[in-house]
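In the working numbering, the protein residues as written are 696 to 880. Ideal Cβ positions, reconstructed from N, Cα and C, are used throughout, including at glycine. Notes for the one structure printed next.
Given below as structure tokens:
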């Protein structure tokens, strides 16, 4: 079942990128991030109420609270960087860099959470990294930084990777909809 949710996450993330690129036109990137965050908070808490998970707030450990808060801060930083990068750069170049958080997350999960990196997974990480490079390349080499979009995109990826690692630590023993709502809020 986790695989279905992961695929749905990927579909919604793709839609998010395209809708955000269109919606951010002429809007301050920080304001756009704030508007998006309010919508996400409302949706997350709506799911908490729909699934009747709000009763679990009192059962959340201090450790989970700490890591959910840190994950929320990393999420906010990732979104701020992401929207700035989208505003300045092409979605087809920003998104692959942002999604390189997959590589960073796998490496951080191995270092910090003790998760294994098999040969197959290692090859996958190398291929994802190579694919990211190929997607941002233009004739004559990698596109030069124009107004910092690439720095913002890499910032988004780094903070997204931290969001995943911190979220994994914080979600232990917490219903997933409730954890998402608390982290986002």
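Nearest-angstrom Cβ-Cβ length linking residue i and residue j, presumed shorter than 8 Å
i, j, result
"residue 827", "residue 792", "6 Å"
"residue 789", "residue 844", "6 Å"
C-alpha gap between residue i and residue j, whole angstroms
i, j, result
"residue 831", "residue 751", "44 Å"
"residue 774", "residue 702", "21 Å"
"residue 652", "residue 850", "Examination of residue 652 is not possible in this model, given that the chain is present from 696 through 880 alone."
"residue 871", "residue 714", "25 Å"
"residue 777", "residue 749", "30 Å"
"residue 782", "residue 716", "7 Å"
"residue 808", "residue 794", "20 Å"
"residue 753", "residue 779", "37 Å"
"residue 757", "residue 866", "12 Å"
Buried or exposed by the 16-neighbour rule on C-beta atoms within 10 Å, applied to residue i
i, result
"residue 728", "buried"
"residue 746", "exposed"
"residue 730", "exposed"
"residue 874", "buried"
"residue 733", "exposed"
Exercise. Counting Cβ pairs, one atom from each stretch, are 3 or more of them under 8 Å apart for the segment 797–806 and the segment 852–863?
Worked result: yes
For this session: Answer yes if the segment 811–822 comes into contact with the segment 866–880, meaning at least three C-beta pairs across the two stretches below 8 Å, and no otherwise.
Result: no
Problem set entry | Those runs of the beta strand (DSSP E) which lie wholly inside the segment 705–775 and span at least 3 residues | none
Problem set entry | Completely contained alpha helix (DSSP H) runs for the segment 771–809, where each covers 4 or more residues | 786–794 and 796–808
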